[in-house]
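Colleague: Count the sequence shown with the numbering used here and you get residues 140 to 183, in order. Glycine included, each C-beta is placed from N, C-alpha and C at the ideal position.
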Amino acid sequence: SAAAEAAQDGTSREEKGKKNKKKKKRKEKKRKGEKEKKRKELEN
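(1) Can you give the Cα-Cα distance for glutamate 180 and lysine 174, rounded to whole angstroms?
(2) Rounded to a whole number of angstroms, what is the C-alpha to C-alpha distance between glutamate 141 and serine 151?
(3) Suppose you measure from the CA of glutamate 154 to the CA of glycine 172; what does that come to, to the nearest Å?
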């Protein structure tokens, strides 16, 4: 049925969104860590 497929599509889309958010957060964390490293190197 089309309704069931649409519902399934909605949930999978939400899951993708959650995964992408996690990926983004991890990337930002990594970038912040690199910035901190560079700053510490400049201070020394």
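Modeller: Considering the structure as presented:
(1) 10 angstroms
(2) Reading the sequence as shown, one finds alanine at residue 141 and not glutamate. Alanine 141 and serine 151: Cα-Cα distance of roughly 15 angstroms.
(3) 27 angstroms
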